[in-house]
Every structure is written in C-alpha cells, then in structure tokens.
Amino acid sequence: MGSLRFGYSVNAIVEQLAVTTFNTGRIFEASGLDYDYPGNIAALRQISLTIGPGELVALLGANGSGKSTLLKLLDGLIFPSGGELLAFGKPLSEKALRDGPFVLEFRRKVGLVFQDPDVQLFSSTVWDEVIFGPLQLGVSKDEVVSRGSEALKLLNITHLRDRPPYRLSGGEKKKVALASVLSLHPQVLLLDEPTTGLDPWSQGNLIDFLIGWADGGKSLVFSTQDLDTAEELATRVIVLGTDHGVVADGKPEEFFSDPDFLLKTNLVHEHSHRHKELVHRHQHIHDHRH
Amino acid sequence: MKSDDFLSKNISNITHLLESVMSAEDLCRAPGLLQGLDARVKVATVVLFIVVVGLARSLPILGGIFALILVFVVLSKIPLGIFLKRILIFIPIFTAVIAIPALFVTPGAPLVTAGSKVIITEQGARTAGLLVLRVTDSLSFGILLVLTTRWTDILAALRWFRVPSLFVAVLGMTYRYIFLLLHTANSMFLARRSRTLGTFSGRENRRWLGQALGTTMAKSQHLSEEVYLAMLSRGYRDEGLALNSFTLRRRDFLWAAFALATASMLLWSNWR
C-alpha cells in the first residue's frame, strides 16, 4: 500500500505512529485547554483529559457546552486559545498540521464525522465522496478503489454509489458521511451527534455497527445528547458542564445510576408527562431493552 | 396575497427550474451517441464548435449549425422537447435585453415601416438574428454537453485540461450547494408564511427579501467555513486530487475527426 505522493513512505509513517502510540499509550492528551469564539465568548475552559487506544468515549453535556468544539480541536481543525493538546505524543498545533509528515500521519489516523452531513458531503457523487479522503492522503489508485468499495459495502450503500448527495435522505446522508471517513481506515473515529436525526431502527443499526468497528482496539470519541446511546456504546463518559469545563469523567454506570448528578448537569430534567389519564412531573429516565 | 404569491412562486420556481435543468442523470446514462464518448473529447469538441459559432457571420450557417445540433440531440436519445425547453428558458434571459433594441436602433434599409416611419431595418433584424442564433447555438452546445456528460466527468475533464484545481473545486461546490441554499431560502419563506395573516405591502416584502438574502448569505458563509474544515479533516491540502479513469476509444477518434472536419468546413464556408 505505500504512498506515491508527498515524498513520504506511508509504511514508515504507520510504523513510526505505532511506535509513538505504543510508547505514550495515549492518543490525545489535553491539559488546561481553553477555546474562545470571536468576541471572547468562552467555548471551552480548562479541559484536561487523556484518551487512550481502544477507549469508547461519550462526550455528554447540555447544548452549547462545547462538545462539538472539543471534537474539532481533537481533529486539529481549530486550535486552542490556551493550554496544550498532544496527539500521539506530538503537539497538535497549527504549525505541525501545516506541512511535514505529521499532517499526513495524523489525518490518516483520525477521522471526524460532522453533525450536519450536508457539510461533509461536498462532492458531486457518493463515490467521489468516499474516495476523497484516501485520494488526498496519497493512497495508491488501486487501494483507493478498493477502500471506497469496501466502505460502501460495510454500510450497505453500494446502490447509492452514483447518486448525488443532495438527493439522499437524512439517514442515507449520515451513512455516506460515515463511509467517507471509514475509507481513511482511521484508528480513531470522532463523531459529532452520530444518532441525531435517525429513526430508532437506524440508530440501533449504527450503534451495532460502531460497536463492531471498534472491537479491534480502535478508539471512538462521540458527542451525544442521548443517554441511551452513551450507555450502549461508551466505556467511558466525559461530561461537559455549562461552565464549559469537564464536570465528570468516569464509567457510564457511575453516572447513569445517579439521578441527582444527571439532573445537576442538565442531562435529564423534571418535566410533565402523561401516564394514561394522570399527568404529573418528575425527573425521567427510561429503561430500555438490548 | 398577490405580492406574497409572486415571491413564493419565484423562489420555488427557481429551485425547481435549477433542479430540473441541472440534474440530468438519467439522460447521461442513456445509450446515445454523445454519452458513449470520452468526456475530454466532448469538452474539447464543444469548445471548438462554440468558437466556430462565435466566428460565424452568416445566418444560414448559424441556422445550419443549430440543425446539426438537433441531429446530435436525436442521436443522443434526448427528447427534443426537454432540450428545447432548456434552451428557450435561457435565450430570453441572455439575449432579449441586448437583441431587441438592435432591431430598432440599427440604421439601414427599411424592413418594417409604419406610414413614413421606419421601425425595423434589415440590418437591425440581421444583427439581432445573428446575436440570437449565436447565443442559441453556443448555449445548445453547452446544454448538450451537460445533458450527455456526468457533472463529475466534466470537472475531471477540466482538471485533465489543467484548468486550475481551485476553479474546478469552486465549480463543483457551486453545483453541490446551490440546491441546499435554495431549499433554505424556500424554507425561510414558508416559515414566514406560516406565521402570517393578511398581506404585506410591496415595501415590506422587499425589506423581508433583503433580510432573507442577507441571512442566506451569512448561512452560506458559515457553511463554506464548515465545508472547508470537513475537507481539511480528510486530508485536503489546497490541491484537490481526483481519480480519473479516462480511456480513449476508436469512437472518440472518429468523433474528434468528424468535429474537426465539420468545423473546418463551416469556417471555410463562412470566409468563402
């Protein structure tokens, strides 16, 4: 599979990356991260966390708590206003991602699926979309074709191959967006609200798929508002508070069995609802089947 | 509700029109003459024909070229009605404003008179006719190319001809996102209508339209920033790389030879 472009040997990079990841045992290390929107509006404050290989991490938090911003920081698309962020033991800075072998190495290893698939599906056909990433990263032509076909097959969307993305349904767009990142063969998948806008059947399918995908020691970091999705998929939960900092970091069962904590962090709320003829008000967590 | 209806119909008609004009996937797959050709050959020969049209100075030659185009349309299994509808939509937009005054202001021998007053001159009619036919022929070649070639293949052919990748990327994205933005504009109008009782004055409608245009522009800017980030995320480095799988076949050489011979003959007749 070696690369013919950019003058770097892909195999050497992969080996180097494996060594780096193995040595540090960490994929991301953030310490004291701050991020401000224009006008000094706080998006993230003093975020410190580490994410290791094989972890399935759910980012939870109320609207506007900074989940999407954190995912973009982890993908090296925006850069912190303060603090330090390392990826595979190296600083994830604008300079490091501008050129040199690290950008190629990083983009091959980390993929981000955006919340709005229309943002991510910019090519004229589904096929062009799924091969876009491998092409840019200098994968050989045969490998590009093979990865594109494999990604379409993996998500059962081969029949959409020649369709323009704007003519797809919401669920189909989500699948194509995921396929376009999976064709990179990433080791770390970042997903922004992956189940939003999907019907329950498609949500279940996606969760099954992601559990299967991550089974081989790959890492998953996803933001969600849906506690069921977090509970079913994640082995670790990081909760962002309304002050834009980390308010909790641990195993899902530690938090989901603590109604007071969920209420305090706006992950559930007391609301009126109906039980047959009776309408009453209390906090509400649904049990579900697996 | 007259002015509201006018706005509503215009926004939704523009959306439907652009969608129907620009999406011709079924026609691109039809087993016709032009669909079977290499996209690079088609782009090159269409450009050649458009140059010939631009140089043509005789109405019969321009008319003959249009007849030839209709033959290509039939051989490419494109329904004539669909093709003519696309042309007739654009010709008034592009040429009416320029061609109609030429009928009346060009000096020359009288063609139409009212009493002793000359209204239209022969030279005026010829100038207007040349303009309309040139636009018709050029546009027809362009539409023929778009109807018989997938948009991705046209973009790939442009890249093959070393058209700057940024230009090609902008073309591709314009095509991709114009529908999304039109649907956004449509939804904005429907959202306004759902909260409206009674009618708005023309002034209020104009003000709303201005605001809607501003909002759509702000949305498109945000969208473009997000799209760029999505591209960066998958390794884009200011030079879009594409997978081209062009192959030249015998029919491509035959078509290129035919196009060259026809273009030479037309130019020779033109200057004879």
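So the protein lines, in turn, are chains A and B. Under this note's numbering, the residues of the first sequence are numbered 1 to 290, in order. Under this note's numbering, the residues of the second sequence are numbered 291 to 562, in order. Glycine is no exception: its CB is placed at the ideal position from the N, C-alpha and C atoms.
Reduced DSSP secondary structure (H/G/I, E/B, other) of residue i
i, result
"A:G83", "strand"
"A:D192", "strand"
"B:T335", "helix"
"A:P91", "strand"
"B:S484", "helix"
"A:S169", "coil"
"A:A30", "strand"
"A:V139", "coil"
"B:I368", "coil"
"A:L220", "strand"
"A:Q296", "Lying outside 1 to 290, the shown extent of chain A, residue 296 of chain A is not represented and no answer is given."
"A:L267", "coil"
"B:A508", "helix"
"A:D215", "helix"
"A:I157", "coil"
"B:A346", "coil"
"A:N148", "Residue 148 of chain A is actually Gly in this sequence, not Asn. Residue state, collapsed to three classes: helix."
"B:A320", "coil"
"A:A96", "helix"
"B:Q270", "Absent from the structure is residue 270 of chain B, since the part of chain B shown begins at 291 and ends at 562."
"A:S202", "helix"
"B:A532", "coil"
"B:Y526", "coil"
"B:S514", "helix"
"A:D243", "coil"
"A:D258", "coil"
"A:D128", "helix"
Cβ neighbours of residue i in the same chain (closer than 8 Å, five flanking residues each side left out)
i, result
"A:G25", "G52, P53"
"B:L421", "T385, I388, A389, A392"
"B:T537", "D328"
For residue i, the first and last residue of its enclosing alpha helix (DSSP H)
i, result
"B:R541", "540-561"
"B:G354", "349-365"
"A:I78", "Unbroken run through A:I78: none, as it is neither H nor E."
"A:G111", "Unbroken run through A:G111 is the beta strand (DSSP E), 110-113; no alpha helix (DSSP H)."
"A:A230", "227-233"
"B:F394", "387-395"
"A:P117", "117-120"
Beta-carbon contacts of residue i that lie in its chain and below 7 Å, excluding the five residues immediately before and after
i, result
"A:T158", "L152"
"B:I377", "T426, L429, S430, I433"
"A:L210", "L220, L233"
"B:A532", "A446, R449"
"A:L182", "A151, L154"
"B:W398", "Residue identity differs from the one stated: residue 398 of chain B is Gly in this sequence, not Trp. These residues qualify, in order along the chain: T411, E412, Q413, G414."
"B:F380", "L429"
"A:T21", "Any reading at A:T21 must be qualified, since the residue scores a pLDDT of 48, below 50, and its modelled position is unreliable; the value itself is stated next. Around A:T21: I27, P53, F88."
"B:A553", "L338, F339, V342"
"A:L74", "F28, L190, V221"
"B:R347", "N560"
Bounding residues of the beta strand (DSSP E) (the contiguous stretch that carries residue i)
i, result
"A:A248", "246-250"
"A:I238", "236-240"
"B:S491", "Looking at the DSSP string, B:S491 is not in any beta strand (DSSP E), and its letter there is neither H nor E."
Residues near residue i in its chain [Cβ-Cβ closer than 6 Å; skip 5 each side]
i, result
"B:L327", "D542, W545"
"A:S257", "none"
"A:L191", "V113, F222"
"A:T235", "L56"
"B:G419", "L349"
"A:E15", "At A:E15, the pLDDT of 47 sits below 50, so the modelled position is not reliable; the number obtained from the coordinates is stated separately. There are no such residues."
"A:R147", "P134, S183"
"B:I359", "S430"
Q: Could you name each continuous beta strand (DSSP E) segment of 3 residues or more that falls completely within the region 35-74 of chain A, going from the start of the chain to the end?
A: Qualifying beta strand (DSSP E) stretches, in chain order: 41-51, 56-61.
Q.
Under 8 Å, with one C-beta from each stretch per pair, do the region 254-262 of chain A and the region 77-89 of chain A reach the 3-pair mark?
A. Using a C-beta cut-off of 8 Å, the region 254-262 of chain A makes no contact with the region 77-89 of chain A, since fewer than three inter-stretch Cβ pairs fall below that distance.
Q. Are the region 156-175 of chain A and the region 125-135 of chain A touching by the rule of at least three beta carbon pairs closer than 8 Å?
A. They touch, by the three-pair rule.
Q: Identify every run of the beta strand (DSSP E) within the region 400-453 of chain B, keeping only runs that are complete inside it and at least 3 residues long; order them along the chain.
A: Counting only runs of 3 or more, we get 400-404, 407-411.
(Q) Does the region 180-193 of chain A come into contact with the region 100-111 of chain A, if we say contact requires no fewer than three beta-carbon pairs (one atom in each stretch) closer than 8 Å? (A) The region 100-111 of chain A and the region 180-193 of chain A touch, with three or more beta-carbon pairs separated by less than 8 Å.
(Q) Contact between the region 495-512 of chain B and the region 468-483 of chain B is defined here as three or more beta-carbon pairs at a separation below 8 Å; is this criterion met? (A) Of all C-beta pairs linking the region 495-512 of chain B to the region 468-483 of chain B, three or more are shorter than 8 Å, placing the two stretches in contact.
(Q) Three Cβ pairs or more, each shorter than 8 Å: is that satisfied between the region 40-50 of chain A and the region 60-72 of chain A? (A) Because the criterion of three Cβ pairs below 8 Å is met, the region 40-50 of chain A and the region 60-72 of chain A touch.
Q: Identify every run of the beta strand (DSSP E) within the region 453-480 of chain B, keeping only runs that are complete inside it and at least 3 residues long; order them along the chain.
A: If we require 3 residues or more, the region 453-480 of chain B turns out to have no beta strand (DSSP E) run fully inside it.
Q) With contact counted as at least three CB pairs below 8 Å, one residue from each stretch, are the region 88-99 of chain A and the region 235-245 of chain A in contact? A) Judged by Cβ distances under 8 Å, the region 88-99 of chain A makes no contact with the region 235-245 of chain A, as fewer than three pairs qualify.
Q) Counting Cβ pairs closer than 8 Å, one from the region 193-209 of chain A and one from the region 129-143 of chain A, do we hit at least three? A) Touching, no.
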